[in-house]
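**Student:** Please find one structure pasted underneath; my questions will follow.
Chains as they are written, first to last, in UniProt numbering: chain H, 1 to 338; chain F, 1 to 178.
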């Protein structure tokens with residue numbers, strides 16, 4: 001690993017100032033992804049600003065009946081928090097579908113949003129990659145593409161966002177609280193991550209020196225009508241080929257509102273409001289869910305090796321929505337899909 | 001703000017942490033991982049460097065009681081932390097119940113992953129979310145065993161878990177040994 005400077009920040013303002021004033025500086029919290037990337041020489045910060053002592057480790061109820069989660073709450077604490085298990089079980093399930101227990105203990109809420117793609121070529125410092133080295137080209141296009149995007153990709157980049165937690169946050173309509181040199185702001189979750197376009201080096205819409213301080217969830221809905229279904233190459237501890245966060249609100253035997261977000265298929269969690277609107281007023285059925293899946297996957301394009309993901313995603317959406325409507329969410333320890 | 005100002009050459013950082021109950025004050029380069037500190041500086045070679053990328057779990061230790069991959073932790077960030085490694089869990093004369101269970105169930109072949117498996121298993125039982133073999137398998141998925149001793153590893157952990165829940169059955173409780 002290259003050497004680098006180290007600053008232990010005592011306040012949020014101090015941390016922001018230290019990063020904003022130094023183009024080579026980066027925040028570090030759990031470090032589970034950043035330290036790994038530094039060992040590969042993919043990330044080469046000149047200075048790390050340690051934010052783990054900052055007062056961002058609490059969860060609090062919001063006046064609107066929601067929940068505000070400090071950016072430094074570890075993934076495991078969030079997943080097993082009694083309020084989250086009771087009110088946002090979709091989020092808890094998605095977190096537990098990701099990584100390993102050791103990584104979830106170290107990784108933070110804010111850091112989960114900022115983890116980088118696991119595209120093989122991004123990790124291989126010897127291969128051209130527009131995300132790692134803008135303008136150098138994309139080695140994935142025409143290469144090994146099993147884990148790559150089928151939606152929203154560009155001729156510059158076909159990488160996917162690796163998070164499970166973010167797929168649930170997208171479906172739940174979370175808000176991201178951000179603080180930077182110019183003050184604090186909030187970002188709707190769908191506007192936080194971006195599509196690659198011709199600037200794949202930018203994973204999200206944060207400016208240099210801006211820090212995620214909290215994630216806010218709206219008041220709980222959907223009760224037990226949710227499911228996080230993750231399909232991958234082994235039963236545990238692998239990134240998603242396709243994952244689905246699904247939630248429905250039932251009014252009698254009809255769907256009052258539905259939410260569906262996909263993971264593992266695009267540069268950001270994939271959500272299409274028009275697809276969800278198709279389910280409004282429908283009776284839950286594979287046919288209705290299939291129509292929503294088709295709309296959600298409209299424009300999907302395979303790269304050859306990952307063509308299977310399009311049909312896999314369609315079937316996974318139908319299955320996850322069926323699980324949600326039946327109130328029988330996917331269990332993350334027993335991987336049998338019912 | 002501490003220590004060096006931006007733009008200057010990286011300089012060593014003073015860190016004080018406790019490892020297996022013993023306090024150490026060290027001057028460390030920021031790039032030293034907790035795993036390298038344990039193995040190279042403190043000569044506690046029980047924690048193993050397998051992949052060095054957080055994928056195999058051989059480096060698992062307990063930091064303030066929580067299991068983490070020590071290869072992905074920067075030692076300078078652990079100022080004030082209490083670290084427990086396999087060397088701190090038991091002694092040859094008085095094994096930790098999890099160590100005893102691994103021996104009783106023949107839960108290893110080459111043994112390279114075993115310190116990480118045992119630290120991870122102890123951490124997992126402390127978390128309180130494993131209630132049987134199925135959950136043990138899932139919650140231990142961050143520890144790989146190249147020899148494929150998984151069946152016996154799960155049996156050993158399940159045995160230790162039951163002993164912990166019903167210490168009157170003859171196995172000393174984990175708390176008693178910690």
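Beta carbons: idealized from backbone N, C-alpha and C, even for Gly. Every value quoted in this text rests on a predicted model; they were computed, and no experiment measured them.
1) Which residues, taken in chain order from the segment 79-106 of chain H, show a beta carbon closer than 7 angstroms to some beta carbon of chain F?
2) Counting only beta-carbon atoms, is residue 79 (chain F) nearer than 9 angstroms to chain H?
3) How should residue 74 (chain H) be labelled, buried or exposed, when 16 other C-beta atoms within 10 angstroms of its C-beta is the threshold for buried?
4) Spell out whether any CB of chain F is found under 9 angstroms from the CB atom of residue 8 (chain H).
5) By Cβ distance, which residues of its chain are closer than 7 angstroms to residue 175 (chain F), with the 5 residues on each side in sequence left out?
6) Taking only beta-carbon atoms, is residue 191 (chain H) less than 9 angstroms away from chain F?
7) For residue 124 (chain F), go through chain H and note every residue whose CB falls closer than 8 angstroms to its CB, in chain order.
8) Taking all protein chains shown into account, decide if residue 235 (chain H) is buried (16 or more other Cβ within 10 angstroms of its Cβ) or exposed.
9) Quick check: what's the CA-CA separation for residue 132 (chain F) versus residue 156 (chain F)?
10) Tell me which residues share the same chain as residue 74 (chain F) and place their Cβ nearer than 8 angstroms to its Cβ, disregarding the 5 neighbours each side in the sequence.
11) Quick check on residue 306 (chain H): does DSSP put it in helix, strand or coil?
12) Against chain F, does residue 5 (chain H) count as a neighbour if the rule is that its beta carbon must be under 9 angstroms from one of theirs?
13) What did DSSP end up calling residue 3 (chain H) once you bin it into helix, strand or coil?
14) Return the bridge partner residues of residue 88 (chain H) from the DSSP annotation.
15) Does the Cβ-Cβ distance between residue 255 (chain H) and residue 170 (chain H) come in under 9 angstroms?
16) Can you tell me which of H:147, H:136 and H:146 puts its alpha carbon nearest to the alpha carbon of residue 155 (chain H)?
17) Given a threshold of 16 other Cβ atoms within 10 Å of its Cβ, counted over all protein chains shown, does residue 338 (chain H) qualify as buried or as exposed?
18) Along the segment 224-238 of chain H, what residues have a CB closer than 7 angstroms to any CB found in chain F?
19) Counting contacts by CB-CB distance shorter than 9 angstroms, is residue 31 (chain F) in contact with chain H?
20) State the Cα-Cα distance for the pair residue 1 (chain F) and residue 334 (chain H), rounded to the nearest angstrom.
21) Touch check for the segment 18-28 of chain H and the segment 43-53 of chain F: three-plus C-beta pairs under 8 angstroms?
22) Do residue 44 (chain H) and residue 38 (chain H) have their beta-carbon atoms positioned less than 9 angstroms apart in this structure?
23) In chain order, what residues of the same chain have a beta carbon less than 8 angstroms from the beta carbon of residue 229 (chain H), not counting five sequence neighbours either side?
24) Between residue 121 (chain F) and residue 140 (chain F), how many whole angstroms is the CB-CB distance? I'm expecting something under 8 angstroms.
25) Please classify residue 174 (chain H): is it buried, with 16 or more other beta-carbons within 10 angstroms of its beta-carbon, or exposed?
26) Are the segment 289-303 of chain H and the segment 254-273 of chain H touching by the rule of at least three beta carbon pairs closer than 8 angstroms?
27) In terms of alpha-carbon separation, which member of H:145, H:291, H:282 and H:220 lies closest to residue 91 (chain H)?
28) Would you mind reading off the limits of the alpha helix (DSSP H) that contains residue 274 (chain H)?
29) So within the segment 25-112 of chain F, which uninterrupted alpha helix (DSSP H) runs reach at least 4 residues, ignoring any that extend past its ends?
30) Checking contacts by CB at 9 angstroms: is residue 143 (chain H) closer than that to chain F?
31) Would you say residue 52 (chain F) faces chain H, with C-beta separation under 9 angstroms as the test?
**Tutor:** With the structure as the only source:
1) Per Cβ criterion, the list reads 80, 100, 101, 102, 103, 105 and 106.
2) Closer than 9 angstroms: yes.
3) By the neighbour-count rule (16 or more Cβ atoms within 10 Å), residue 74 (chain H) is buried.
4) Chain F places a beta carbon closer than 9 angstroms to that of residue 8 (chain H), counting this residue as a contact.
5) Only weak support is given to the placement of residue 175 (chain F): the predicted model assigns it a pLDDT of 46, under 50, and the value that follows is read from those uncertain coordinates. There are no such residues.
6) No, because no Cβ of chain F sits closer than 9 angstroms to the Cβ of residue 191 (chain H).
7) Within chain H, the residues placing a beta-carbon under 8 angstroms from that of residue 124 (chain F) are 101, ordered along the chain.
8) Counting Cβ neighbours within 10 Å, residue 235 (chain H) comes out exposed, since fewer than 16 surround it.
9) CA-CA distance, residue 132 (chain F) to residue 156 (chain F), rounds to 12 angstroms.
10) Result list for residue 74 (chain F): 30, 31, 32, 33 and 34, in chain order.
11) Correct three-state label for residue 306 (chain H): coil.
12) Output row for residue 5 (chain H): interface = yes.
13) Residue 3 (chain H): coil per DSSP, three-state reduction.
14) Answer is none; residue 88 (chain H) lacks a bridge partner.
15) No, these two residues do not count as a Cβ contact at 9 angstroms.
16) Relative to residue 155 (chain H), the option among H:147, H:136 and H:146 whose CA is nearest is H:136.
17) Result: exposed.
18) Against chain F - using a Cβ distance shorter than 7 angstroms - the residues of the segment 224-238 of chain H are 236 and 237.
19) So yes, residue 31 (chain F) belongs to the interface.
20) Below a pLDDT of 50, predicted positions are generally treated as unreliable, and residue 1 (chain F), at 45, falls in that range; the measurement from the model is reported next regardless. So the alpha carbons of these two residues sit roughly 48 angstroms apart.
21) The segment 18-28 of chain H is not in contact with the segment 43-53 of chain F.
22) By the CB criterion at 9 angstroms, residue 38 (chain H) and residue 44 (chain H) fall inside the cutoff.
23) Annotation for residue 229 (chain H): 243, 244, 246, 316, 319, 320, 323, 330 and 337 place their beta carbon closer than 8 angstroms to its own, counting only its chain and skipping 5 residues before and after.
24) Contact flag correct, Cβ pair sits at about 7 angstroms.
25) It is buried - the Cβ of residue 174 (chain H) has at least 16 other Cβ atoms within 10 Å.
26) Enough Cβ pairs lie closer than 8 angstroms, so yes.
27) Selected option, being the one with the closest Cα: H:220.
28) Element bounds for residue 274 (chain H): 273-277.
29) If we require 4 residues or more, the alpha helix (DSSP H) runs fully inside the segment 25-112 of chain F come out as 97-104.
30) Closer than 9 angstroms: no.
31) It does: the Cβ of residue 52 (chain F) has a partner Cβ on chain H nearer than 9 angstroms.
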